[in-house]
Amino acid sequence: MVWQPGRTDWPDRTVTVVVWLTALTVTGVFLWIVGDVLRHGLSGLSWGFLIEGPRDTGRAGGIGPMIVSTLLVLGVCLAVSVPIGVGTAVWLAEFARGGGLFGRLVRWSLDVLAGVPSIVFGLFGNALFCIYLGMGFSILSGGLTLACMVLPLLIRSCEAGLRAVPDDYRKAATALGLSRSAVLWRILLPAATPGLVVGLVLGIGRALGETAALLFTSGYVDRMPGSLMDSGRTLSVHIYDLAMNVPGGQNRAYATAIVLISLLLIVNVLTSHLADRWLHRRITRT
Amino acid sequence: MFRSTSDRLLLGLLRCVSALAAAVVMLIVIFLVIESWPALRSVGPLRFFTDPSWHPASAAGGGAGRFNLIPMLIGTLASTAGAVMLATPLGIASALFCRFYAPKRIATGYRRLLELLTGIPSVVFGLWGLLVLAPLIRQWHPPGQSLLAGVLILTVMILPTVALLSESSLNSVPRAYLRGAAALGLSRWATIRGVVLPAARGGIVTAVLLATGRAIGETMAVLMVAGNVVQVPHSVFDPVRTLTANIALELGYAMDIHRSALFVSGLVLMMMLAALIGLAEWIGGGRMNA
């Protein structure tokens, strides 16, 4: 947009100043938070910190078991939510486009699910997985609870990705007499990869950072988990515990925060890369 | 249409999976109701608002528990209202900055920064609030961990939501409107105030309502900075406890009726959010028809 320079009056100039100041303030706060975490946390980082177990309730030692627990919880979460999420997205985008009662019901449920607060997922997971299904405080309970939580994110992005696939592809495939399953596997899913990746990145981000839903599902035992039925403390729960319940645990909490954020970035880059190679390759080859 | 067996199998499978995804919400509501039933039956819904205090644990010892949720309800409403009042102007200004004020490269950078801000886990915000923000407030007015700290941390957390969603609704304002305004010789602010904001109003309202929902549901960051004293705050420097923080703090050791009472507060949270979604749909629907 081109604004005529002569056409500015004092309200116009004031608003310009206010808008720029807002942007500067927000940037400042962001840098303040990041800088603070880095300044206090970097000194605590070392190879030993990443692989050792915690000693003295976390004041010394490392966060090895928490990293393992976090990845296990994430693994359970994705193993359950990705098939369900992609399946639902395919159904919504390819078979329930016009709506219909069931389609509308599914969509409405997912919209509501997206708005449920994480602590309510914690209550639900605790009641259903830990107690009713008898899994107790375990990585399995935590992962399943998170799977419920990230479903709407996965489904929305994946559905958007599928809808972005041009209809010509479907028509051409129908003209060639391909079955719907073949079209799905060979054309639609590979072409919808970008949407799926966005959903995965969002879901992983939400799952890795989650604390409230895990406090009462995967628990806070800080030992190395021996199986999925063991309780495991994730990185975010560890940060919470160090900051709130361990006097003198602050710098360790900051260091753990750096590890958590780095893990988020690494997993995201890896996801985009792998999904791209694995799925996108198939459509370019065929 | 579906001739092959594999196609029919596929469709059936997809339908089952979709039903499963849709069932999660029902399951959540069902479990909240089942678990809160003992408290609702033996205590009654009214006492959650009229009891003299919140001492649910004494019910387990044979005494009479007290179940007043009002202080927590006020804690949640006050911190949410404060955060929304701060984040709305700041978020809209950020959106305007990206769309109309900043040079292209700065706008892209600022948008990336907002996206990063949405990706930071809430427990990291809580950590920063606990160790940096609350001590700063304490220097000004003790005790530091307070409603104010909760409001500020929530503001930082929901601001990117308001900004990014508002910006996408600013982007959907038709170009012709802007050209019309330019042809009339309107200044930048006059264009924004008279043309852009009214046209994008529906989207901005939805953005604010979504952010409000996020603020109501936020647990960890508020839990870490707001002080968690069960009381009705008299000033912004008083510590408060929100509904979400109350659940997170007490579920670990709650038994019997106490545990059930915490599920009642979960149910109350869900009702607040349902009302919010209803409001959003009502406003959004009204706008679309207008």
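For the record, the sequence lines run as chains A and B.
Numbering of the first sequence is given in this note's numbering, commencing with residue 107 and proceeding in unit increments.
Numbering of the second sequence is given in this note's numbering, commencing with residue 900 and proceeding in unit increments.
Glycine included, each C-beta is placed from N, C-alpha and C at the ideal position.
Keep in mind the model is a prediction, meaning the values are calculated, not measured.
Of Gly1101(B), Arg946(B), Asn967(B) and Ala1075(B), the smallest CA-CA separation from His954(B) is found for Asn967(B). For secondary structure counted as the alpha helix (DSSP H) over 4 or more consecutive residues, the segment 938–996 of chain B holds these complete runs in sequence order: 946–949 and 969–995. C-alpha of Leu919(B) to C-alpha of Trp1088(B): approximately 50 Å in a straight line. Annotated three-state conformation of Arg165(A) is coil, per DSSP. The CB of Ser1021(B) comes closer than 9 Å to the CB of Ser224, Gly315, Glu316, Thr317, Ala318 and Ser342 in chain A, given here in chain order. With a 10 Å radius around the Cβ and a threshold of 16 neighbouring Cβ atoms, Ile173(A) comes out buried. Val143(A) places its beta carbon 8 Å or farther from that of Tyr346(A).
The criterion of a C-beta distance shorter than 8 Å is not satisfied by Gly209(A) and Ile1176(B). Classified as exposed, Phe948(B) has fewer than 16 neighbouring CB atoms from the shown chains inside 10 Å of its CB. When DSSP states are grouped into helix, strand and coil, Pro1073(B) belongs to the coil group. Its chain contains Leu180, Cys183, Leu252 and Val256 as the residues whose beta carbon lies nearer than 6 Å to that of Ala313(A), once the 5 sequence neighbours on both sides are disregarded; these appear in chain order.
A distance below 8 Å between beta-carbons, with the five flanking residues on each side excluded, links Val186(A) to the following residues of its chain, in chain order: Gly249, Leu250 and Ala253. In this structure, Ser337(A) places its C-beta atom within 8 Å of the C-beta atom of Gly325(A). In the structure shown, Gly240(A) falls within a coil segment according to DSSP collapsed to helix, strand and coil. Boundaries of the alpha helix (DSSP H) around Pro1097(B): Leu1096 to Gly1116. Taking the Cβ atoms as the reference, Leu1046(B) lies roughly 6 Å from Ala977(B), within the contact range of under 8 Å. Residue pairing by DSSP places Val1139(B) opposite Gly1126(B) in a beta bridge.
Contact of Ser1071(B) with chain A is not assigned, every C-beta pair being separated by 8 Å or more. Judged by beta-carbon spacing, Ser935(B) lies within the 8 Å limit of Phe1162(B), meaning their Cβ atoms are closer than that value.
Using a CB distance cut-off of 8 Å, Met1119(B) counts as an interface residue toward chain A. A Cβ-Cβ contact shorter than 8 Å links Ala982(B) with Thr1054(B). For Ile372(A), the uninterrupted alpha helix (DSSP H) segment begins and ends at Gln356 to Ala381. Around the beta carbon of Leu246(A), a 10 Å sphere encloses 16 or more other beta carbons of the protein chains shown; the residue is thus reported as buried. Ala956(B) and Leu1108(B) have their C-alpha atoms some 35 Å from each other. Under the three-state reduction of DSSP output, Pro160(A) falls in the strand class. Look at the segment 1045–1071 of chain B: the residues with a C-beta under 9 Å from a C-beta of chain A are Val1055, Leu1058, Pro1059 and Ala1062. For Ser263(A), the secondary structure class from DSSP, reduced to helix, strand or coil, is helix. Nearest neighbour of Leu1168(B) by Cα position, chosen from Ser224(A), Thr194(A), Phe155(A) and Leu207(A), turns out to be Ser224(A).
Nearest CB-CB separation between Asp906(B) and chain A: below the 8 Å threshold.
Secondary structure note for Ala220(A): its alpha helix (DSSP H) is the uninterrupted segment Gly206 to Gly221.
Per DSSP, the continuous alpha helix (DSSP H) segment holding Ile225(A) begins and ends at Ser224 to Gly231. One thing to note: Leu1063(B) has its Cβ within 8 Å of the Cβ of Leu1013(B). Rounded to the nearest whole angstrom, the C-alpha separation of Ala297(A) and Leu259(A) is 19 Å. Excluding five sequence positions before and after Val121(A), none of the CB atoms of its chain fall closer than 6 Å to its own CB. At a Cβ-Cβ threshold of 8 Å, Val226(A) and Ile927(B) count as neighbours. For the pair Val196(A) and Gln1038(B), the Cα-to-Cα distance works out to about 56 Å.
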